[in-house]
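Numbering (our numbering), first residue to last: 5 to 329.
Structure representation (structure tokens):
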């Protein structure tokens, strides 16, 4: 029951109302493709509840007059090759026909369900495809990205001609040289990400140049993970360049670089140590496993701590984005 309780409490109507009250108008919601399959995921092995969860979120956003960007953060096969895509360490989506077909089918299913929903601003097809680590294969992987996008867009357009499709560049949504066809779809735009840089025009100019060269919008789907001073300066820079934005993430554990902070449960450091420890064999796993009663208490405390009423507002961060408290 842990995962059900976690999903029930991590984001609620109260969170959406609060986001609206700060003055924000858009939320980018990440999701795992498995929520729309019968694969074993988050405590369910069939009858996944992806549409049920998104439908609730859509209704809350409708009440609060907030748009939603649907972000496939974890795609079949893995699109990134890093921890963020829940993969096996390689962007197999770019090489697997089966994964690509599943990717397109899931987006078609989502588009069928939401084709007439005005709260949905658009479909962010893939989060941060193709990490930079794969130098030997990078040319091949990058060349596969645009065709993979086109396959999904073609499937979406069979059922939904209303919504925008958003395409992120390769290498953490930063490399837009991989794109050759900006006319493929009439409701297409691009999305970029940027972290850990000086707040200078030089660090955004490539995105602006690409946007202007294709005459299509570009949106900063992820940024942040920095100080309040950095956030304030970076926000002003984006807005001077007419680039819309959503900061990542909304909640973090024991950090001030988010709108709200979750207090770290007691013994959570033991959970982290276990997940980051060596797993070269079952003997190592058994030896590293923490006391189960302590872990159960930590997990239950996480559910309590992540509730809206128990999270701390990081006022400096909210102000830095130009929002109201």
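Every residue, glycine too, gets a C-beta built ideally from N, C-alpha and C.
Check	Outcome
Residue 104 beta carbon less than 8 Å from that of residue 95	no
4-residue-minimum alpha helix (DSSP H) runs that sit fully inside the stretch 182–239, ordered along the chain	209–218
Residue range of the beta strand (DSSP E) that includes residue 88	Here residue 88 belongs to no beta strand (DSSP E), and DSSP marks it neither H nor E.
Simplified DSSP assignment, three categories, for residue 54	helix
Of the residues 119, 177, 172, the one placed nearest residue 165, counting alpha carbons only	119
Cβ separation of residue 327 and residue 27, assumed to be a contact under 8 Å, to the nearest whole Å	5 Å
Cutoff 8 Å; reference residue 11; Cβ partners in own chain excluding five residues on either side	46, 53, 57
Sufficient close CB pairs (3 or more, under 8 Å) joining the stretch 166–179 to the stretch 200–209	no
Span of the alpha helix (DSSP H), counted from its first residue to its last, around residue 125	Segment 124–128 is the beta strand (DSSP E) holding residue 125; no alpha helix (DSSP H) there.
Inter-stretch contact (C-beta, 8 Å, three-pair minimum) for the stretch 271–282 and the stretch 215–234	no
Residue 174 vs residue 149 beta-carbon contact at 8 Å	yes
Bridge-paired residues (DSSP) for residue 265	256, 316
Buried versus exposed call for residue 225 [16 or more other C-beta atoms within 10 Å across all chains shown]	buried
Per-residue burial, residue 50 [other beta carbons within 10 Å of its own, 16 or more giving buried]	exposed
Residues that residue 93 bridges to, as DSSP identifies them	Bridge partners of residue 93: none, in fact.
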